[in-house]
Structure formats: C-alpha cells, structure tokens
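Asks: This structure is in structure tokens; I'll ask about it shortly.
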C-alpha cells in the first residue's frame, strides 16, 4: 500500500498531546470572542451598540449565552431519529476542530529545549486534508437536518448539501493556483514560499474567489440559505435547542476561524511580516491571529452589508461565474508558471 | 431558454386544417398561451454576463463602503433607562394637582368638570364642604376624594382644558408601568405631591 501522505515534522508523543490540548483550548477561547465581536460589530454597522449590559462593555455576553444554552432542557421531536440527531452536532464540531489543527501559527520553535511546530500537524496534503474535513462537516448539517424529522430542517439540509458541493469545487480550484505557484501542498511550505511576496497579490483573482466560496462553505451571509429564517425558520438546526444547538453554533463560528486561518496561511503570508521584518519566534502566533482577525472582520462586514441571495442566483453564481473564473485562474497560473520556469 | 419557432408562438389559435394537411407526418404541438397580460421573464444573466458580474462586484464594494461608514459613526441608540428622550414642554404625561403658592391651599374646588369632560371616564371626584376649622381649598368646597385611574387615561388633556381654576395639568412623566393595576389609581395625595423629576425636558432648539 502506497503512502497517502507524509508528515513534514513531528515531535515526541507527549508534545503532540499537549499541542492538541492547546489547540482545542485556543479554539474554545477564540469562538466566544468571535461571537461577541460579531454581535458588537453588527451593532455598530447598524448604528447601535450591540450587547453592552452583561459585564463591562458586554464582554460577558457570550458567557451568558452559553450558560443559558447549556442549562436548557435536551429535547427532540418525536419524528426524529435519536442517535443521528445526537451525533450530527458532534460531527460538525469535530470536523471544525480537526480542520483548525492544521493551521500553522508559526514555524518550528524551541520551547523548553524541545523543537515544537506551532501547528497541530504539518501534513504534506494540507489543503486536501482541509477539504476532506470540510466534506465530512457537511454530514453534520445533512444528518442533523434529515434526522430532525422536520420539513424545514430537511429543506435547509438539502440546500446546504447543494451549496457545499457547488462551492467546494470553486474553492478547491482557487487554491490550485497557489499550489502550482508554491509547488507544495504543505501549509508551512506554502507560507515559506511567500517570503518574496504574499500570494494575494499575484493570486488576487484566486484570493477573491476563495474568499467568496468560503462565505458559502461556512454558510455565512450572503450565502446563508441553509438557515434562511424568512422561509425555513432556522434551517437545518430548526429542531435543535440547548447544548446541541450550541454545538452547531460553535462549529459555525469555528469554521469562520478555520477559513480565516486558511486565507491567512495561503494568501496573506501566514506568520510572515512585510518589508523583511524578522521578529523573534514568539511573535508569529500573534501575527497569524491578527491577520485572522482581519479576515473575520471581513466576514462580519460582509454579513452586515449583503442581502441573502435567491436560491437560483446562488446556484448560477457558483456554477456560471465562480467556477469558470476559478478554472481560468488555475489555467493562467499554470501557463505562467510553466512559461517562466 | 429555447427560442420558439414562429409558428409555435401562435397565441392560442387552434391549428388550422391546412397546416396539418401540409405536414401530415409531423405532430404539430401548439404552445400553450398563458394570456395577454403575462410578461415573459428572462432568467439568464446573458448576454451582458461579464458586465453584470463586474457591476455586481462594484455595487458590492459600494455597499461595503456604506456599511463601513455607518460603523465609524457613533451609534444613535439612546440607552433608555440611563438616558431618556427629552419631552416637549407641552407633552401630556401624568397629571399634577396644584396648590396656591402663597397660601398652600389646593386649587381644586371639587367641581367635577374634569370628570365630566373625561372621555375615558377615569376621574372620580367626591366633593366636601370647606369649614373654618378644616379649610382645604380656596373655594366653598374641596375634593375629598380625587382619583385618576391611569390605566384607563388616554392622556387627551380634556381635564386640563375643562378645569376652571387650572388645578389639574398634565405633567411630563411617562414612565407609568406597574406590577398591579390597583397601584395605577392615583389618589389626590399622589397627584399633589411634587413629582419625581424623572423626565428631561427638551431644550430650545433640540
């Protein structure tokens, strides 16, 4: 049996366990921050304050939300399928955290005499790993919607399925341009290849296509048709409440973070700083987090701006505009790379 | 969208015998006419697809600019329990009963004209005679009971207009919610008491 993938760098087993705990803890800390940032910023975009009652400047609002959700009763409709209904949110959250683990927050560092890579795992198939977990994440939505035994959930899940399949193609093709230019699939390798110039300049079309497709992949506005509340009540999570709903919510915002991290890594130079500044190694994670914040801000900004697309518009945009553009981008990049070599 | 051939767009006219006779081997299918008032909608972005895409992109960027402009502005929210919208001087809020400033006697003489004028029938006045020992108001009689049921009051201000002695006026207080309906029946003492200045008055030019 041939090797599916190789791992660029790995540490002692106990370092890996510690790293996975740190990554999970980091994700758990970042999600409430994004949640709060979203609500505060949406408020400011609409010339209001957003939550400002719980704690100083509303800082404890996510805590209040989470406590409220977790203390609620667990219930499910009589028409639902019990096991799947319970498992679906877990799949969502699991895949989101798994995808989060490959985002590189920095190069290999020396911490307490050990060489530690500031990422979960540096696989040689970075983007493919990401798309694999993205595809499994769709089971979380699909199973959740289907096993609810409700027509709204079902319709939301179906829309989610069609949308994810449509936009995953463009998303993948948009990354092909970068992969051709960097000539590696490893995310740390892609960052290293951006030492001369960040890829969002030569790959501007790819950057925009990837970003647009990512809005659809994460079910965010203006592509949030899976949870179009005007027609579908709540979409795939209509029948969910309490902790399970919180899981879906958590996964949604973690997906936003994952996509921000991928955009940062692939197009914005990861932990690199412009103008040849080489800070000490401990600055790297903060650089990545800052860039992720910018992309997350963009997500919220777009949500505050654009109205939800109609379903046929969504489909024709994905297949007739985004996909040809992404294909063209990959082709042109390939030709240029071959011609200049 | 498939362009219909000219002969298939005939507006619901029945196929003539001649056309059937001309092409006996082909099946003539009449296109169903939806009627004269139906407007055909073209759903494709073509022919101006590239231009449309560019326009969409440009308009998206314009929209993003607009929302960003709103974000850097200060929010227009008034944080209600802490800050309140100032009311106009002639705002009709909760009623006040008045006394003469020099003598301290009540202006109300218990004439019940306010109760008569009230369209919501929320004022109850029971008059009593003033005596030298117990002089409450400036007139012959005074209001022994003066109650306004503020859960019925429509704040029309007719009582104020009806009053011959300006004994009752409308104040500025509008925060009148309570846990109990009985507590919303304001007695004379409550109406005479100096109201808590809970409502800011709108300044000139505000």
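Protein chains in written order, with the working numbering: chain A, -11 to 329; chain B, 657 to 862. Cβ atoms here follow ideal geometry from the backbone N, Cα and C, with glycine treated the same way.
Among the residues of its own chain, which have a CB less than 6 Å from the CB of residue 103/A, if the five just before and after it don't count?
Replies: Within the first chain, residue 103/A is the residue found at index 115, counting from 1. These residues qualify, in order along the chain: 96.
Asks: Measure the alpha-carbon distance for residue 252/A versus residue 206/A and round it to whole angstroms.
Replies: Taking the first chain and counting its residues from 1, the one referred to as residue 252/A is at position 264. Taking the first chain and counting its residues from 1, the one referred to as residue 206/A is at position 218. Taking the straight line from one Cα to the other gives about 16 Å.
Asks: From residue 73/A to residue 714/B, what distance separates their C-alpha atoms?
Replies: What you label residue 73/A is simply residue 85 of the first chain in a count that begins at 1. What you label residue 714/B is simply residue 58 of the second chain in a count that begins at 1. Each residue's alpha carbon lies about 43 Å from the other.
Asks: Rounded to whole angstroms, what's the CA-CA distance from residue 211/A to residue 168/A? Just pull it up for me.
Replies: Your numbering for residue 211/A matches position 223 in the first chain. Your numbering for residue 168/A matches position 180 in the first chain. Distance between the alpha carbons of residue 211/A and residue 168/A is about 29 Å.
Asks: Once DSSP output is grouped into helix, strand and coil, what is the label at residue 225/A?
Replies: Translated into positions along the first chain, residue 225/A becomes position 237. In the structure shown, residue 225/A sits in a helix (DSSP, three-state: H, G or I).
Asks: Are the CB atoms of residue 278/A and residue 188/A nearer to each other than 9 Å?
Replies: Reading the first chain from its first residue, position 290 is the one you call residue 278/A. Reading the first chain from its first residue, position 200 is the one you call residue 188/A. Cβ distance not < 9 Å, so residue 278/A and residue 188/A don't count as in contact.
Asks: Decide if the region -1 to 7 of chain A is in contact with the region 76 to 86 of chain A; the criterion is three or more beta carbon pairs, one per stretch, under 8 Å apart.
Replies: Short answer: they don't touch.
Asks: What three-state label does DSSP hand residue 236/A in the structure shown?
Replies: For this step, residue 236/A is matched to residue 248 along the first chain. Note: residue 236/A maps to helix in three-state DSSP.
Asks: Measure from the C-beta of residue 775/B to each C-beta in chain A and report whether the shortest distance is under 9 Å.
Replies: Counted from its first residue, the second chain places residue 775/B at position 119. Cβ-Cβ to chain A under 9 Å: no for residue 775/B.
Asks: How long is the line joining the alpha carbons of residue 313/A and residue 88/A, rounded to whole angstroms?
Replies: For the purposes of this step, residue 313/A is taken as the residue at position 325 of the first chain. For the purposes of this step, residue 88/A is taken as the residue at position 100 of the first chain. One C-alpha to the other measures close to 28 Å.
Asks: Would you check if the distance between the CB atom of residue 330/A and the CB atom of residue 39/A is smaller than 9 Å?
Replies: Outside the shown range of chain A (-11 to 329) lies residue 330/A, about which nothing can therefore be said.
Asks: In three-state terms, what does DSSP make of residue 40/A?
Replies: Along the first chain, one-based indexing puts residue 40/A at 52. Residue 40/A falls in the coil class under three-state DSSP.
Asks: Among the candidates 734/B, 824/B, 833/B, whose CA atom is the shortest distance from the CA of residue 748/B?
Replies: Within the second chain, residue 748/B is the residue found at index 92, counting from 1. Nearest of 734/B, 824/B, 833/B to residue 748/B, Cα basis: 824/B.
Asks: Within a Cβ cutoff of 7 Å, which residues of the same chain sit near residue 677/B, ignoring the five residues on either side of it in sequence?
Replies: Taking the first residue of the second chain as position 1, residue 677/B is located at position 21. The predicted position of residue 677/B is uncertain, since its pLDDT is 49 and thus under 50; a value taken from the coordinates is nonetheless stated next. Counting only Cβ-Cβ distances below 7 Å, and skipping sequence neighbours, we find nothing.
Asks: Comparing the C-beta of residue 714/B with each C-beta of chain A, is any distance below 9 Å?
Replies: If you number the second chain from 1, residue 714/B lands on position 58. Taking Cβ atoms only, chain A never reaches closer than 9 Å to residue 714/B, which makes this a no.
Asks: Please name the residue or residues paired with residue 784/B in a DSSP beta bridge.
Replies: On the second chain, residue 784/B is found 128 positions in, with the first residue counted as 1. Partner(s): 798/B.
Asks: Check this for me: beta carbons of residue 61/A and residue 288/A, under 9 Å apart or not?
Replies: For this step, residue 61/A is matched to residue 73 along the first chain. For this step, residue 288/A is matched to residue 300 along the first chain. Contact: no.
Asks: With a threshold of 16 other CB atoms inside 10 Å of the CB of residue 930/B, please say whether the residue is buried or exposed.
Replies: Past the edges of chain B, shown from 657 to 862, lies residue 930/B, and the structure says nothing about it.
Asks: Tell me the residue span of the beta strand (DSSP E) that contains residue 97/A.
Replies: The sequence position of residue 97/A within the first chain is 109, counting from 1. Where residue 97/A is concerned, the enclosing beta strand (DSSP E) stretches over 96 to 99.
Asks: Kindly indicate if chain D contains any beta-carbon less than 9 Å away from that of residue 808/B.
Replies: Among the protein chains in the structure shown, which are A and B, there is no chain D.
Asks: Listed in chain order, which residues of the region 278 to 291 of chain A have Cβ atoms closer than 8 Å to some Cβ of chain B?
Replies: The residues in question are 289, 290.
Asks: Any C-beta of chain A within less than 9 Å: which residues of the region 768 to 801 of chain B qualify?
Replies: Taking 9 Å as the Cβ-Cβ cut-off against chain A, none of the residues of the region 768 to 801 of chain B qualify.
Asks: Taking all protein chains shown into account, do 16 or more other C-beta atoms lie within 10 angstroms of the C-beta of residue 28/A, making it buried, or fewer, making it exposed?
Replies: On the first chain, residue 28/A is found 40 positions in, with the first residue counted as 1. That one is buried.
Asks: Within 10 Å of its beta-carbon, does residue 114/A have 16 or more other beta-carbons around it, so buried, or fewer, so exposed?
Replies: Position 126 of the first chain holds residue 114/A. Buried: at least 16 other Cβ atoms inside 10 Å.
Asks: Report yes if the CB atom of residue 244/A is closer than 9 Å to the CB atom of residue 208/A, and no otherwise.
Replies: The residue you call residue 244/A lines up with position 256 of the first chain. The residue you call residue 208/A lines up with position 220 of the first chain. For residue 244/A and residue 208/A, yes; Cβs fall inside 9 Å.
Asks: Which whole runs of the alpha helix (DSSP H) in the region 140 to 173 of chain A are 4 residues long or more, in chain order?
Replies: Correct list: empty.
Asks: Which class does residue 80/A belong to by DSSP, given the choice of helix, strand or coil?
Replies: Working through the first chain from its first residue, we reach residue 80/A at position 92. It is helical.
Asks: Can you tell which of 108/A, 30/A, 290/A has its C-alpha closest to the C-alpha of residue 12/A?
Replies: Sequence index remark: in the first chain, residue 12/A carries index 24 (1-based). Residue 12/A has its Cα closest to that of 108/A, out of 108/A, 30/A, 290/A.
Asks: Write down every uninterrupted run of the alpha helix (DSSP H) in the region 808 to 834 of chain B whose length is 4 residues or greater and which is fully enclosed by it, in chain order.
Replies: You should have 814 to 818.
Asks: Is the CB of residue 707/B under 9 Å away from at least one CB in chain A?
Replies: Position 51 of the second chain, counted from the start, is the residue given in the question as residue 707/B. Not closer than 9 Å to any Cβ of chain A, the Cβ of residue 707/B fails to qualify, so no.
Asks: For residue 818/B and residue 767/B, what's the separation of their Cα atoms in angstroms?
Replies: Taking the second chain and counting its residues from 1, one reaches residue 818/B at position 162. Taking the second chain and counting its residues from 1, one reaches residue 767/B at position 111. Distance between the alpha carbons of residue 818/B and residue 767/B: 10 Å.
Asks: Taking the alpha carbon of residue 855/B as the reference point, which residue from 753/B, 721/B, 739/B has its own alpha carbon closest?
Replies: Indexing the second chain from 1 puts residue 855/B at position 199. When only C-alpha atoms are compared, the closest one is 739/B.
Asks: Specify the secondary structure class of residue 136/A as computed by DSSP and reduced to three states.
Replies: The residue labelled residue 136/A in the question sits at position 148 within the first chain. The answer is coil: DSSP assigns residue 136/A none of H, G, I, E or B.
Asks: Less than 7 Å between C-beta atoms, sequence neighbours within five positions excluded: which residues of the same chain meet that for residue 261/A?
Replies: By one-based count along the first chain, residue 261/A stands at place 273. Cβ within range, chain order: 267, 275.
Asks: Got a sec: is the Cβ-Cβ distance from residue 260/A to anything in chain B below 9 Å?
Replies: Taking the first residue of the first chain as position 1, residue 260/A is located at position 272. Closer than 9 Å: no.
Asks: Quick one: what's got a C-beta closer than 8 Å to residue 763/B's C-beta in the same chain, skipping five residues either side?
Replies: Within the second chain, residue 763/B is the residue found at index 107, counting from 1. The residues are 753, 754, 755, 756, 793, 794, 821, 822, 823.
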